[in-house]
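Residues 356 to 883 (my numbering) are what the sequence shown spells out, left to right.
Glycine is no exception: its CB is placed at the ideal position from the N, C-alpha and C atoms.
This one's a predicted model, so the numbers in the text were calculated from it and none came from an experiment.
Data first, discussion second: the structure below is written as structure tokens.
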Amino acid sequence: MTARPFAHLDTSLVETYRRVMRVFVANKQRFVVHLRPEDVAEALRQDGGPPLGEDAVDAALKSLTGWVNLRSSPDTGRVTTVEDFNRPRHLYQLSREGEAAERALEVYEQEIGRRGELQAVALEDIRVRLRALRDLPEHPDPAVVHNLLLELMGRLDSLAANAGAFMSGLQRTIELQDVDEEAFLAYKDRLIVYLERFVSELVVKQHDIGSTLQALPTGRVAVLLALAAEREASDAAPEGTASGNAPGTGDVEAGEPVMTVSVGEKLALWESRWSGLWSWFVGGRSHPSQSDLLRTRARKAIPDLLATISVLQERRAGRSDRSADFRTLARWFAEAPTEQDAHRLWRAAFGLSTARHLTAESDSEPADVPAATSWADAPEVKVSARLRATGQYAKRGPKKRVRDRSAERRLLAEEIADEREQIESARRALATGRPVLLSELGKLDRREFRLFLRLLGDALAAGPSDPSDPSGTVRTRTSDGSLEVTLRPCDGLAEIVTEDGVLRGPEHEITIVDLSVPRPADPAEAAR
Numbered sequence: 356m357t358a359r360p361f362a363h364l365d366t367s368l369v370e371t372y373r374r375v376m377r378v379f380v381a382n383k384q385r386f387v388v389h390l391r392p393e394d395v396a397e398a399l400r401q402d403g404g405p406p407l408g409e410d411a412v413d414a415a416l417k418s419l420t421g422w423v424n425l426r427s428s429p430d431t432g433r434v435t436t437v438e439d440f441n442r443p444r445h446l447y448q449l450s451r452e453g454e455a456a457e458r459a460l461e462v463y464e465q466e467i468g469r470r471g472e473l474q475a476v477a478l479e480d481i482r483v484r485l486r487a488l489r490d491l492p493e494h495p496d497p498a499v500v501h502n503l504l505l506e507l508m509g510r511l512d513s514l515a516a517n518a519g520a521f522m523s524g525l526q527r528t529i530e531l532q533d534v535d536e537e538a539f540l541a542y543k544d545r546l547i548v549y550l551e552r553f554v555s556e557l558v559v560k561q562h563d564i565g566s567t568l569q570a571l572p573t574g575r576v577a578v579l580l581a582l583a584a585e586r587e588a589s590d591a592a593p594e595g596t597a598s599g600n601a602p603g604t605g606d607v608e609a610g611e612p613v614m615t616v617s618v619g620e621k622l623a624l625w626e627s628r629w630s631g632l633w634s635w636f637v638g639g640r641s642h643p644s645q646s647d648l649l650r651t652r653a654r655k656a657i658p659d660l661l662a663t664i665s666v667l668q669e670r671r672a673g674r675s676d677r678s679a680d681f682r683t684l685a686r687w688f689a690e691a692p693t694e695q696d697a698h699r700l701w702r703a704a705f706g707l708s709t710a711r712h713l714t715a716e717s718d719s720e721p722a723d724v725p726a727a728t729s730w731a732d733a734p735e736v737k738v739s740a741r742l743r744a745t746g747q748y749a750k751r752g753p754k755k756r757v758r759d760r761s762a763e764r765r766l767l768a769e770e771i772a773d774e775r776e777q778i779e780s781a782r783r784a785l786a787t788g789r790p791v792l793l794s795e796l797g798k799l800d801r802r803e804f805r806l807f808l809r810l811l812g813d814a815l816a817a818g819p820s821d822p823s824d825p826s827g828t829v830r831t832r833t834s835d836g837s838l839e840v841t842l843r844p845c846d847g848l849a850e851i852v853t854e855d856g857v858l859r860g861p862e863h864e865i866t867i868v869d870l871s872v873p874r875p876a877d878p879a880e881a882a883r
């Protein structure tokens, strides 16, 4: 019969099968080997699950027996009549395959639910037991050596497993995977303090443990490991006989029990464990120790956590991030009234337009084709054979001589000077330093009117200099600090005549002062 101990996990009655298997595992821990169907039914009534009838329990036991999770044997212990003998009764016990499957499932559930922790206490336990091994007498008690090594390796296994689970969970927290943001923000400070405390403990204890390991002579370590291996091998259970299924028995007499595990195998196992302890706290020449890697990762996790906290705070404050931008853009696409609007939104968001930059022959005029025209509908474009063959349109040969553009630069300089002179003329016409009504400015040319509008806009945007002043006088300066404008409201309507029309608005008194021009000294102050 082919064993399929995990087949019950892929059925609709998986919860029933798991409950039945847990009953057998719990009874085996109490050294109860065989169970009758009524014993299983009674245990299921007390496990807090939904009730099951006797027929359902019998069907589950038969299915599990067919998958070799359980083994059945005839129950003849309570036969009192011929009818009882003819009625099929069975005793069920947990098979090796079923027990192994349950242990595997238990380990799986423990690892999935493992929270992980950085065990600073385990570091102290390892340090104490290493010192105890170092201080043993020359001929130690094998039981003491064995127990110390078992405790040492057990603490190391727990430290490594929990540290790996904790750092894995911490990385998921940093990446905000399946994390309750509110809970994370609530305990973030304790988490950072926890990491800092472990790192400080690891720095001190790692140095002490590494020094103790390096101080132990290699020969002394070999003796201690050999004592532990011999003690374990002496307790190994016999299996088979020299004439049975134990191969390689040599000259052992027939019927004599044979040890299935030799001292050499146990010693190799202990040497491997000791090598793991060494690599954890000392390391090698070409690679750092595991404790160094753990310390580096724990230290790096602190700034990573602070960065994650900053991201969460930004989200809580409503600041935008890339994911929020893309979600908003997706909503805009979904709300676009037409397909053409969606295309315009695409080009505006990503700057990806149709390819109309292909270089053609210099003597061919490009067709005036709208950008939305499909390539299939657009007129053909002749492409140079050189461009198809070499990927370059330019002809090979000497480069063209640099063109003399001194005349163009001279013309540009003259235009800039003329424009500057016109602007200065407008400044001189407006920046008189005297108060004048808008209606008295006279006719303004285009450059003077453009400067006037800019100054008027700056003054109106600045607002009153003193809110408590009932006159509403505005005093401000231009962005370059060269002109000061004072604007005071007046009664009436002003008209400003320009070359392009008439500007009408509320009357104001305006004073424009050119601060870049030195003002003449006051005669009274000069005489004083």
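- Every unbroken stretch of the beta strand (DSSP E) spanning 3 or more residues and falling wholly within the segment 442-490 is given here in chain order: 445-449.
- With respect to the C-alpha of residue 576, the residue from 360, 401, 492 having the closest C-alpha is 492.
- The three-state reading of DSSP puts residue 835 in coil, since its state is none of H, G, I, E or B.
- Within the model, the alpha-carbon separation for residue 412 versus residue 392 is close to 7 angstroms.
- Look at residue 359 here: in three-state DSSP terms it is coil, with no helix or strand label.
- Within the model, the alpha-carbon separation for residue 511 versus residue 481 is close to 7 angstroms.
- Check the Cα spacing between residue 619 and each of 648, 586, 561: the tightest is with 586.
- For the pair residue 657 and residue 642, the Cα-to-Cα distance works out to about 24 angstroms.
- Under the DSSP definition of a beta bridge, residue 865 partners with 791, 842.
- Residue state for residue 814 is assigned as helix, using DSSP reduced to three classes.
- In the displayed model, residue 408 falls within coil according to three-state DSSP, outside both helix and strand.
- Below 8 angstroms, too few C-beta pairs join the segment 816-835 and the segment 852-861 to call them touching: fewer than three.
- Residue 849 is bridged by DSSP to 860.
- Boundaries around residue 677 are those of the alpha helix (DSSP H), 677-690, since no beta strand (DSSP E) includes it.
- Proximity of the segment 458-465 to the segment 486-504 falls short of the contact definition, fewer than three beta-carbon pairs being nearer than 8 angstroms.
- As computed with DSSP, residue 799 is found in a beta bridge with 853.
- Per DSSP, residue 497 is one residue of the alpha helix (DSSP H) stretching across 497-529.
- Cβ atoms of residue 557 and residue 649 come within 8 angstroms of each other, at about 7 angstroms.
- Under the Cβ criterion (8 angstroms, minimum of three pairs), the segment 794-814 counts as touching the segment 844-857.
- Looking at the backbone, the Cα of residue 463 and that of residue 667 are separated by about 33 angstroms.
- With contacts defined by Cβ atoms closer than 8 angstroms, residue 653 and residue 550 form a contacting pair.
- Beta-bridge analysis with DSSP links residue 830 to 841.
- The way I'd put it, the segment 827-842 doesn't touch the segment 751-771; fewer than three beta-carbon pairs between them come closer than 8 angstroms.
- Residue 429 is bridged by DSSP to 445.
- Counting other Cβ atoms within 10 Å of its Cβ, residue 737 stays below 16 and is therefore classed as exposed.
- Residue state for residue 667 is assigned as helix, using DSSP reduced to three classes.
- For residue 870, the secondary structure class from DSSP, reduced to helix, strand or coil, is coil.
- A distance below 8 angstroms separates the beta carbons of residue 580 and residue 629.
- Between the segment 400-417 and the segment 370-378, the count of C-beta pairs closer than 8 angstroms reaches three or more; the two stretches touch.
- When the beta-carbon positions are compared, residue 829 and residue 818 come within less than 8 angstroms of each other.
- Taken atom to atom, the span from the alpha-carbon of residue 518 to that of residue 418 is near 41 angstroms.
- Closest in C-alpha terms to residue 386, from the list 445, 414, 449, comes 449.
- For residue 383, the uninterrupted alpha helix (DSSP H) segment begins and ends at 369-384.
- In the DSSP assignment, residue 392 falls within the alpha helix (DSSP H) that extends over 392-400.
- Per DSSP, residue 403 lies in no alpha helix (DSSP H) segment and is marked neither H nor E.
- CA-to-CA, the gap between residue 527 and residue 560 works out to about 28 angstroms.
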